[in-house]
Amino acid sequence: MANEDWKTELRGTWTSAGRAVHWAIVKKRELSLTEFMGYSSHAFRININGDNVDVAGPTGYEWEDILPKGLLNLGFRCKWLRTPNFTPPTPEMLAEALEMIQDSIDRGIPAVGWDLLIPEFGIIYGYDDGENVLHVKDPRGDGKLSYERLGRGQVTEMFVLTLTDSFDISKEMMLSGALDMIIDHARRRQHNYDLPKYENGLKAYEAWIRAFTNRTVDAFGNSYNTSVVYDARKHAYRFLRGLAIDWNGVTTLEQEVRKHSECAAEHYAVVEQSLGVLNEMFPFPDGGAPNDSVHAERAIARLNAAKAAEEKGLLELETMRELLTAKQWVNGKARTLLS
Numbered sequence: 040m041a042n043e044d045w046k047t048e049l050r051g052t053w054t055s056a057g058r059a060v061h062w063a064i065v066k067k068r069e070l071s072l073t074e075f076m077g078y079s080s081h082a083f084r085i086n087i088n089g090d091n092v093d094v095a096g097p098t099g100y101e102w103e104d105i106l107p108k109g110l111l112n113l114g115f116r117c118k119w120l121r122t123p124n125f126t127p128p129t130p131e132m133l134a135e136a137l138e139m140i141q142d143s144i145d146r147g148i149p150a151v152g153w154d155l156l157i158p159e160f161g162i163i164y165g166y167d168d169g170e171n172v173l174h175v176k177d178p179r180g181d182g183k184l185s186y187e188r189l190g191r192g193q194v195t196e197m198f199v200l201t202l203t204d205s206f207d208i209s210k211e212m213m214l215s216g217a218l219d220m221i222i223d224h225a226r227r228r229q230h231n232y233d234l235p236k237y238e239n240g241l242k243a244y245e246a247w248i249r250a251f252t253n254r255t256v257d258a259f260g261n262s263y264n265t266s267v268v269y270d271a272r273k274h275a276y277r278f279l280r281g282l283a284i285d286w287n288g289v290t291t292l293e294q295e296v297r298k299h300s301e302c303a304a305e306h307y308a309v310v311e312q313s314l315g316v317l318n319e320m321f322p323f324p325d326g327g328a329p330n331d332s333v334h335a336e337r338a339i340a341r342l343n344a345a346k347a348a349e350e351k352g353l354l355e356l357e358t359m360r361e362l363l364t365a366k367q368w369v370n371g372k373a374r375t376l377l378s
């Protein structure tokens, strides 16, 4: 049960972007994977195609927006280079990307890349100009990627991100920035186009339920989304419990953040438990029988329970954000992470 094992450190994640960026920063800042997942908002993400719950949902968002914002919450700035969807890089873009990667590695910091060995995020941690290869690691494992194959993998598109510098940041600003991202994701559709029919946040649960109601669920895609979101909420629950310990001061703000993070954690424990049932029903990669009537109705009930609990948890997070915002204005600190 979630409330019995929250102190157990999670050493991995199904969110490959979270795993890769954490790898990139871990030598620069001591931070657990769960802390990274929380402050970067990955622990609270969900993105579902209501037509069929396709496999691309977990990575179907604007990387160049979400990843840099998450890094700012942790005191890092970055630069990135991305081609349009399903478009390989031009020779000029490839040369620029390789220069970014080599500069980062020369500074001792891995670069983050997409579709290195498989269509997931990974890191680029070495290069060899003699062989013209990059040394890479992603969920498939370690391997070599020739320079010319960067951006020409299974989905023929390129994304590279490197850290540029870091800055000091208070725990108030870290949490405030994280809450801004978490709440925006939960409440607002973050997609620029109507198609594919992705929904994020609370409406993603509704989209997921719709696919089960219509019996149009793709078994493989659903099992992958289930694994990713269940794993993310495991991190969310532990992140919130950790906040309740970290905010251990005697000020009113510390006490209020502690109280609301504890309350939010209890709601996210219910989310984790509800999604855990789905994870058992629809194991990756086989996926079970999501369109079977009995299984579909049970899944709908669990998703409704998860959504209801997440809504309650979100109210606690919104209260925390209001408290932090009020403190910034009282202290006359109307500033942003970019200032």
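Per my numbering, the sequence shown starts with residue 40, numbered consecutively. Where is the CB? At the ideal position from N, CA and C, for every residue including glycine.
Own chain partners of residue i with C-beta closer than 6 Å, once the 5 adjacent residues on each side are dropped
| i | result |
| --- | --- |
| Ala246 | Ile87, Gly89, Glu238 |
| Ala345 | Val310, Ser313, Leu314 |
| Pro107 | Cys117 |
| Gly77 | Phe278 |
| Arg121 | Glu103, Phe198 |
Expected contact under 8 Å - CB spacing of residue i and residue j to nearest Å
| i | j | result |
| --- | --- | --- |
| Pro322 | Ser262 | 6 Å |
| Ala63 | Ile162 | 6 Å |
| Thr203 | Cys117 | 6 Å |
| Val267 | Thr54 | 6 Å |
| Ala250 | Asn91 | 6 Å |
Separation of residue j from residue i, as counted between CA atoms
| i | j | result |
| --- | --- | --- |
| Asp270 | Leu241 | 17 Å |
| Gln193 | Thr129 | 17 Å |
| Val256 | Ala59 | 29 Å |
| Lys273 | His299 | 18 Å |
| Asp195 | Trp153 | According to the sequence provided, residue 195 is Thr. The question's Asp does not apply to it. Those two C-alpha atoms are separated by around 10 Å. |
| His230 | Glu101 | 8 Å |
| Ala217 | Ile339 | 29 Å |
| Glu319 | Tyr276 | 19 Å |
DSSP beta-bridge partners of residue i
| i | result |
| --- | --- |
| Lys66 | In DSSP, Lys66 forms no bridge with anything. |
| Phe198 | Arg121 |
| Val175 | Ile163, Gly182 |
| Ile87 | Glu238 |
Own chain, CB closer than 8 Å to residue i, minus 5 neighbours either side, in chain order
| i | result |
| --- | --- |
| Asp219 | Arg360 |
| Ile222 | Leu353, Leu356, Glu357, Arg360 |
| Leu317 | Thr265, Tyr269, Ala338, Arg341, Leu342 |
Min CB distance residue i to chain C below 8 Å
| i | result |
| --- | --- |
| Glu238 | Within the model displayed, chain C is absent; a lone protein chain is all it includes. |
Chain-order list of residues whose beta-carbon lies under 7 Å from that of residue i (same chain, five-residue window excluded)
| i | result |
| --- | --- |
| Phe115 | Ile64, Leu202, Ser205 |
Within the stretch 105-172, ranges of the beta strand (DSSP E) (whole runs, at least 3 residues): 115-121, 150-153, 160-167, all fully within the stretch 105-172.
Segments assigned alpha helix (DSSP H), at least 4 residues, entirely inside the stretch 280-357: Qualifying alpha helix (DSSP H) stretches, in chain order: 291-320.
Residue ranges of each beta strand (DSSP E) within the stretch 194-278, 3 or longer: If we require 3 residues or more, the beta strand (DSSP E) runs fully inside the stretch 194-278 come out as 198-205, 237-239.
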